[in-house]
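Visitor: Here it is: the structure, laid out below.
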Amino acid sequence: MLRLRGVGKRFRNGTEALAGLDLEVEAGEFVSLLGPSGCGKSTLLRMVAGLDAPTSGTLERGLAGGATGQLGFVFQDATLMPWATTLDNAALPLRLAGLAAPNARARARDALRRVGLQGFEGAWPRELSGGMRMRVSLARALVTEPRLLLLDEPFAALDEITRLRLNEDLRALWAEGGLTVLFVTHSVFESAWLSNRVVVLRPRPGRLHADVPIALPEPRTPELRTSAGYNAACRALSAHLSEAMAA
Amino acid sequence: MKRWLERLSPGLVGLAFLAAWEALVRAREIPPYVLPGPLLVLQALRDDGPSLLRSLGFTLTITLQALALATVSGVALAVALTWSRWIERSLFPYAVALQVTPIVSIAPLIIIWVNDPARALLVCAWLVAFFPIVSNTAMGLRSADRNLVDLFALYGASRAQALWRLRLPSALPHFLAGLRISGGLALIGAVVAEFVAGTGGAETGLAFRLLEAGYRLQIPKMFAALLLLSLTGIAIYAGLQALSTWLLRNWHESAVDV
Chain A
1 MLRLRGVGKR FRNGTEALAG LDLEVEAGEF VSLLGPSGCG KSTLLRMVAG
51 LDAPTSGTLE RGLAGGATGQ LGFVFQDATL MPWATTLDNA ALPLRLAGLA
101 APNARARARD ALRRVGLQGF EGAWPRELSG GMRMRVSLAR ALVTEPRLLL
151 LDEPFAALDE ITRLRLNEDL RALWAEGGLT VLFVTHSVFE SAWLSNRVVV
201 LRPRPGRLHA DVPIALPEPR TPELRTSAGY NAACRALSAH LSEAMAA
Chain B
1001 MKRWLERLSP GLVGLAFLAA WEALVRAREI PPYVLPGPLL VLQALRDDGP
1051 SLLRSLGFTL TITLQALALA TVSGVALAVA LTWSRWIERS LFPYAVALQV
1101 TPIVSIAPLI IIWVNDPARA LLVCAWLVAF FPIVSNTAMG LRSADRNLVD
1151 LFALYGASRA QALWRLRLPS ALPHFLAGLR ISGGLALIGA VVAEFVAGTG
1201 GAETGLAFRL LEAGYRLQIP KMFAALLLLS LTGIAIYAGL QALSTWLLRN
1251 WHESAVDV
């Protein structure tokens, strides 16, 4: 699905955000990018999305034709249009692709149902809680039925309870199949519970530090969070993270 | 009880002020051609009501026409300015130059160039009302959420789609703030221009009534005309405020009921 070879990014002001990064992601994987701030994980995600171009190396995406619609992106903030209802926010990608409103809305309704927001189609963003806004954002990313879903610390601003719920729902959406997920986070616990693989990055400039498979039982359940296996995985990731920050 | 007092307090203050004014005028025996009491102004308003209202209608028509013109041309120019840096560089300095040149100083020229006096007043009022709409709307068009801009790019939105679905809605609260300022300015422009012109042509506006009453030392009538002008200004502002609240009722903080 993704093949990065020696990818580097230097901003115009001279800051080197990423250097010589090699990474491969297979179709159907759930991969987290874990690292302290300044390790270029968001920059990496933007380049994968095509919003930025690498200044060195090559980045191949296994998306046939144009990437439009095959790629969903969820930002750190819900990033909704405040002047549009939940339904119209979720329908936006389809409307931009030229679909007529009734058709786009019907599919947006389905996407909202997938994220558990049926009944809120007519609500305005300001009437929704932070967690619900993030669900609308997820529905919008899923409405085009993308093959690759990119998330940039999507739950970082939410409270613990909401975050855990959304982790579970995201994992369930992925388990439905057909989706490759690249998830940026700075939380060891979140990445361990969610992913099948965690890529730990090192800061200044961002480089690959460790590529850690997470072999926890499927399906991932809330009970898993108190299991010995999960604790061991978190401990291992924390160790990698401390090394990465010391390096 | 307390809430009632709070609601009524602006009216009570106004009444107390009027009563003091009337009392002062009577006690000091100030002649009406210097300062008429409120009762005399009221009487002038009743006697000259029909002609003053006709003039008000004329001034109001000019004002609203100018505001409509300023809205259409202002939004169009703001879109052009934000469409390309090149257009902005080449046009914006002239828009600023127009704005900072006092209207009283260009009004005589406009009145010479434009044959029809009513048209000339319209141009003057439009000139002063135009700039707040341009600069506020342009700022609004540029202040679209960065992430939403990225999102539109991600889904391959055309520039027209981004303008229609993202930039214009983002600019709406800013545009409405500009419109409220422009509403008052359009009225000022219409009045100032008529002062300079000394006539509204076949019809006469409130400014001419003011001048006329001044020449004839009909000071109560002058006050009556002033009162109408200021009420008109307040009405325009309140109308635009209501429009703004209604348009933004569902999503903007400024319009959300507490």
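Top line first, the protein sequences correspond to chains A and B. Heads up, the first sequence is in my numbering, so the first residue is 1 and it goes up one at a time. Heads up, the second sequence is in my numbering, so the first residue is 1001 and it goes up one at a time. Idealized CB from N, CA, C, for every residue including glycine.
According to DSSP, A/S191 sits in a beta bridge with which residue or residues?
Guide: If you number the first sequence from 1, residue 191 of chain A lands on position 191. Under the DSSP definition of a beta bridge, A/S191 lacks any partner.
Visitor: Residues of chain B with CB closer than 7 angstroms to the CB of A/T79, please, in chain order.
Guide: The sequence position of residue 79 of chain A within the first sequence is 79, counting from 1. Those are D1145, N1147, L1148 and L1151, listed as they occur along chain B.
Visitor: Any beta carbon from chain A within less than 8 angstroms of B/A1157's own beta carbon?
Guide: If you number the second sequence from 1, residue 1157 of chain B lands on position 157. Yes, its Cβ sits closer than 8 angstroms to a Cβ of chain A.
Visitor: For the candidate residues B/P1173, B/P1050, B/T1071 and B/L1217, whose alpha-carbon lies nearest to that of B/L1127?
Guide: Taking the second sequence and counting its residues from 1, one reaches residue 1127 of chain B at position 127. Closest by alpha carbon: B/T1071.
Visitor: Could you give the uninterrupted runs of the beta strand (DSSP E) lying entirely in the stretch 207-232 of chain A, keeping only those of 3 residues or more?
Guide: 207-213
Visitor: Does B/R1085 have its Cβ less than 8 angstroms from a Cβ in chain A?
Guide: Residue numbering aside, residue 1085 of chain B sits at position 85 when the second sequence is read from its first letter. No, B/R1085 lies away from the interface with chain A (no Cβ there is under 8 angstroms from its Cβ).
Visitor: Identify every run of the beta strand (DSSP E) within the stretch 1195-1229 of chain B, keeping only runs that are complete inside it and at least 3 residues long; order them along the chain.
Guide: none
Visitor: Counting only beta-carbon separations shorter than 8 angstroms, does A/F30 have a partner in chain B?
Guide: Sequence index remark: in the first sequence, residue 30 of chain A carries index 30 (1-based). No, its Cβ sits nowhere closer than 8 angstroms to a Cβ of chain B.
Visitor: Can you name the residues of chain B whose CB is closer than 8 angstroms to the CB of A/L96?
Guide: Against the first sequence, residue 96 of chain A aligns to sequence position 96. Chain order gives the chain B residues near A/L96 as F1152, Y1155, G1156, A1157, Q1161 and R1165, where near means a beta carbon separation below 8 angstroms.
Visitor: Residue ranges of each beta strand (DSSP E) run of no fewer than 3 residues wholly in the stretch 125-162 of chain A, ordered along the chain?
Guide: 148-152
Visitor: Where are the alpha helix (DSSP H) runs, 4 residues long or more, that stay fully inside the stretch 40-128 of chain A, in chain order?
Guide: List check, alpha helix (DSSP H) in window: 41-49, 86-96 and 101-114.
Visitor: List the residues of chain A that B/A1251 touches, going by C-beta distances under 9 angstroms, in chain order.
Guide: Start at 1 with the first residue of the second sequence, and residue 1251 of chain B comes out as number 251. It should be pointed out that residue 1251 of chain B corresponds to Trp in this sequence rather than to Ala. Going along chain A in sequence order, the residues near B/W1251 (Cβ under 9 angstroms) are M81, P82, W83, A84, W124, P125 and R126.
Visitor: Exposed or buried, which one is A/K9 when buried takes at least 16 other CB atoms within 10 Å?
Guide: Position 9 of the first sequence, counted from the start, is the residue given in the question as residue 9 of chain A. In summary, A/K9 is buried, with 16 or more beta-carbon neighbours lying within 10 Å of its beta-carbon over all protein chains present.
Visitor: Just checking: is the beta-carbon of A/F155 within a distance shorter than 8 angstroms of some beta-carbon in chain B?
Guide: Position 155 of the first sequence, counted from the start, is the residue given in the question as residue 155 of chain A. Judged by the 8 angstroms Cβ criterion, A/F155 is not in contact with chain B.
Visitor: Hey, A/A104 and A/R113 are a contact pair by Cβ (cut 8 angstroms); roughly how many whole angstroms apart?
Guide: The count along the first sequence starts at 1 and reaches residue 104 of chain A at position 104. The count along the first sequence starts at 1 and reaches residue 113 of chain A at position 113. Contact doesn't hold; Cβ gap of about 15 angstroms is too wide.
Visitor: For the beta strand (DSSP E) that contains A/E16, what are its first and last residues?
Guide: Working through the first sequence from its first residue, we reach residue 16 of chain A at position 16. Unbroken beta strand (DSSP E) run through A/E16: E16 to V25.
Visitor: Strictly below 9 angstroms CB to CB, what residues from chain A border B/P1169?
Guide: One-based indexing of the second sequence puts residue 1169 of chain B at position 169. Simply M81, P82, W83 and A84.
Visitor: On a CA-only basis, which of A/H186, A/P146, A/D152 and A/A192 is nearest A/T180? Give me that one, please.
Guide: Taking the first residue of the first sequence as position 1, residue 180 of chain A is located at position 180. Of the listed residues, the one whose Cα sits closest to A/T180 is A/P146.
Visitor: Helix, strand or coil for A/Q12? Go by DSSP, reduced to three states.
Guide: For the purposes of this step, residue 12 of chain A is taken as residue 12 along the first sequence, with counting starting at 1. Residue identity differs from the one stated: residue 12 of chain A is Arg in this sequence, not Gln. A/R12 falls in the coil class under three-state DSSP.
Visitor: Tell me whether the stretch 206-213 of chain A and the stretch 32-48 of chain A touch, counting them as touching only if at least three CB pairs, one residue from each stretch, are closer than 8 angstroms.
Guide: yes
Visitor: Kindly say whether A/L216, judged by its beta-carbon, lies nearer than 8 angstroms to any beta-carbon of chain B.
Guide: By 1-based counting over the first sequence, the position of residue 216 of chain A is 216. Output row for A/L216: interface = no.
Visitor: Rounded to the nearest angstrom, how far is the Cβ of B/T1063 from that of B/L1187, given a contact under 8 angstroms?
Guide: On the second sequence, residue 1063 of chain B is found 63 positions in, with the first residue counted as 1. On the second sequence, residue 1187 of chain B is found 187 positions in, with the first residue counted as 1. Right, the Cβ-Cβ distance comes to about 5 angstroms (below 8 angstroms), so this counts as a contact.
Visitor: From the DSSP output, in three-state form, read off B/V1258 for me.
Guide: To locate residue 1258 of chain B, count along the second sequence from 1; it is residue 258. Residue placement at B/V1258 is flagged as unreliable, the pLDDT there being 43, under the threshold of 50; the coordinate-derived value follows with that caveat. Correct three-state label for B/V1258: coil.
Visitor: Thinking just about the alpha-carbon of each residue, which of A/R5, A/L166, A/P102 and A/R133 is nearest to the one in A/V48?
Guide: Along the first sequence, read from residue 1 onward, the residue named residue 48 of chain A stands at position 48. Cα-wise, what sits closest to A/V48 is A/R5.
Visitor: Just grab the DSSP bridge partners of B/F1058 for me.
Guide: For the purposes of this step, residue 1058 of chain B is taken as the residue at position 58 of the second sequence. According to DSSP, which records beta bridges pairwise, B/F1058 is partnered with nothing at all.
Visitor: Pick from A/A90, A/G14 and A/E168: whose alpha carbon is nearest that of A/F189?
Guide: Translated into the one-based positions of the first sequence, residue 189 of chain A becomes position 189. Taking only the C-alpha atoms, the option nearest A/F189 is A/E168.
Visitor: If you draw a straight line from the C-alpha of A/N231 to the C-alpha of A/N196, how long is it?
Guide: As a position in the first sequence, residue 231 of chain A is number 231, starting the count at 1. As a position in the first sequence, residue 196 of chain A is number 196, starting the count at 1. C-alpha separation (whole angstroms): 15 angstroms.
Visitor: Expressed to the nearest angstrom, what Euclidean distance is found between the alpha-carbon atoms of B/A1068 and A/S32?
Guide: In the second sequence, residue 1068 of chain B corresponds to position 68, counting from 1. In the first sequence, residue 32 of chain A corresponds to position 32, counting from 1. For B/A1068 and A/S32, the distance between alpha carbons rounds to 54 angstroms.
Visitor: State whether the stretch 1215-1229 of chain B contacts the stretch 1044-1055 of chain B, with contact taken as three or more CB pairs (one from each stretch) at a distance under 8 angstroms.
Guide: yes
Visitor: If you measure beta-carbon to beta-carbon, which residues of the stretch 47-61 of chain A are closer than 9 angstroms to chain B?
Guide: A49, G50 and L51
Visitor: Any idea what DSSP makes of B/A1016, helix, strand or coil?
Guide: For this step, residue 1016 of chain B is matched to residue 16 along the second sequence. Here B/A1016 sits in helix by DSSP.
Visitor: Please classify A/D88 as buried or exposed, where buried requires at least 16 other C-beta atoms within 10 Å of its C-beta.
Guide: Here residue 88 of chain A corresponds to residue number 88 of the first sequence, with the count starting at 1. Flag for A/D88 reads buried.
Visitor: Under 8 angstroms, Cβ to Cβ, is there at least one residue of chain B near A/T68?
Guide: Along the first sequence, read from residue 1 onward, the residue named residue 68 of chain A stands at position 68. Answer yes: the Cβ-Cβ gap between A/T68 and chain B drops below 8 angstroms somewhere.
Visitor: Exposed or buried, which one is A/D152 when buried takes at least 16 other CB atoms within 10 Å?
Guide: Numbered from its first residue, the first sequence carries residue 152 of chain A at position 152. A/D152 comes out buried.
Visitor: B/S1084 by DSSP, collapsed to three states: which one?
Guide: To locate residue 1084 of chain B, count along the second sequence from 1; it is residue 84. Here DSSP, grouped into helix, strand and coil, assigns B/S1084 to coil.
Visitor: Looking only at its chain, what residues have a beta carbon closer than 6 angstroms to the beta carbon of B/G1037, apart from the 5 residues adjacent to it on each side?
Guide: What you label residue 1037 of chain B is simply residue 37 of the second sequence in a count that begins at 1. Contacts found: E1022 and V1025.
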